[in-house]
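K.L.:
Going left to right, the sequence shown walks through residues -22 to -1, 1 to 134 as mature numbering (1 follows the signal peptide of the UniProt record, and there is no 0) numbers them. Positions of the beta carbon are idealized from the N, C-alpha and C atoms, including for glycine. Below is a structure I'd like to ask you about.
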Amino acid sequence: MNTLHRRLVPVLLAIVVTAVAAADADQQKAVTAQAAGTVAAAGPATEAVVFSGQASISGRVVRDTTFGAPPVLEIIVDMKNVTGKGVRSGKAYLVSSESIVRRPLAAFEQVEVSFPFAPDGNVLQARSAMASFGVNYNASKGLTTTPVRISAQNPT
């Protein structure tokens, strides 16, 4: 039993280390993109909000080893370093959003994600906006982005 244990532990450890290394091989470092834009007032009780800050965007290639589907690019968009300022009141509008989207693996992809924002974090007055940007992916260079443009979310 002790001999089997001594032989089995290194093999299991090698399998786990290899699996973790393979999973991390496609993980990309986050890049920051300048985010800016204005969302107009949604009615007489609201005001226009000007946004600025840095969006953090990262991505990784996800391969389907079970069913053999084409690889996809998983994109994580973190808007926590983007803030808004009310044009009329000067109030701070907070954004605390992270979005995860999956797109077919391509050299360039246009991405749009919606995110909530609210004055001083008051969720009862929350509204939504759209962040749009381009993602360039190159296996040797990784992920790069265009600046993030913030605008009103189009009604569906």
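#1: From G112 to L121, what does the alpha carbon distance come to, in whole angstroms?
#2: Based on Cα-Cα distance, which residue from P22, V73, I35 and A33 lies nearest to N100?
#3: Is there contact between the stretch 60 to 74 and the stretch 34 to 41, where contact requires at least three CB pairs shorter than 8 Å?
#4: Roughly how many angstroms lie between the CA atoms of D2 and N114, to the nearest whole one?
#5: Could you check how far apart the C-beta atoms of T10 and V28 are, in whole angstroms? I think they sit under 8 Å.
#6: May I ask you to report which of helix, strand or coil DSSP gives V101?
#7: Going by C-alpha distance, which of L51, T24 and A8 is nearest K69?
#8: Have a look at S106, G31, R81 and F93 and flag the residue whose alpha-carbon is nearest the alpha-carbon of V40.
#9: Check whether chain C comes within 9 Å of G120, counting only Cβ atoms and requiring the distance to be less than that.
#10: Classify P94 as helix, strand or coil using the three-state DSSP reduction.
#11: Please name the residue, chosen from K119, F95, V55 and S106, that lies closest to V89 on a Cα-to-Cα basis.
#12: Quick one: give me the first and last residue of the beta strand (DSSP E) that G31 is part of.
P.N.:
Once the coordinates are examined:
#1: 10 Å
#2: V73
#3: no
#4: Only weak support is given to the placement of D2: the predicted model assigns it a pLDDT of 44, under 50, and the question is left unresolved by the model.
#5: At roughly 19 Å, the Cβ-Cβ gap does not stay under 8 Å, so T10 and V28 are not in contact.
#6: helix
#7: T24
#8: R81
#9: The structure shown contains no chain C; it holds only a single protein chain.
#10: strand
#11: V55
#12: V27 to V40
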